[in-house]
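Engineer:
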Amino acid sequence: MTAYRRFRDIRQFGPVKVATFHDGRGIERHAAACTAPRCDFSAEYNNRSAAELAARTHRCSA
2 MTAYRRFRDI
12 RQFGPVKVAT
22 FHDGRGIERH
32 AAACTAPRCD
42 FSAEYNNRSA
52 AELAARTHRC
62 SA
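Residue 42 in our numbering sits at position 41 of the sequence shown, with consecutive numbering throughout.
#1: Hey, how far is the Cα of Glu53 from the Cα of Ala33?
#2: Since Ser43 is in the beta strand (DSSP E), which residue starts that stretch and which ends it?
#3: Whole angstroms are fine: how far does the CA of Ala56 sit from the CA of Arg12?
#4: If you drop the 5 nearest sequence neighbours on each side, which residues of the same chain put their C-beta closer than 6 Å to that of Ser62?
#5: Looking at Gln13 and the ligand HEM, is the gap between the Cβ and the nearest heavy atom below 7 Å?
As structure tokens, then:
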């Protein structure tokens with residue numbers, strides 16, 4: 002079963018979007034995902050600063 006996630010506090014750093022959400026256990030998590038075509042980068046982090054760092058340093062391989 003897939004989880005329905007409600008994203009908030011969405012910011013964009015180049016092609017990468019960073020958002021905050023609550024996981025299935027109610028813990029606040031942060032996601033970074035690239036919106037460029039053919040780029041499959043996405044990751045979840047425990048803190049916002051790590052997600053923003055990943056967004057700033059991401060280089061698309063496509």
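Every residue, glycine too, gets a C-beta built ideally from N, C-alpha and C.
From a predicted model like this one, the values you see are computed outputs, not experimental measurements.
Structural biologist: According to the data block:
#1: 7 Å
#2: Following the DSSP letters along the chain, one finds Ser43 inside the beta strand (DSSP E) bounded by residues 43-46.
#3: 10 Å
#4: If we look at Ser62 and ignore the five residues flanking it on each side, it has no Cβ neighbours.
#5: Annotation note on the ligand HEM: not contained in the displayed structure, which lists no ligands.
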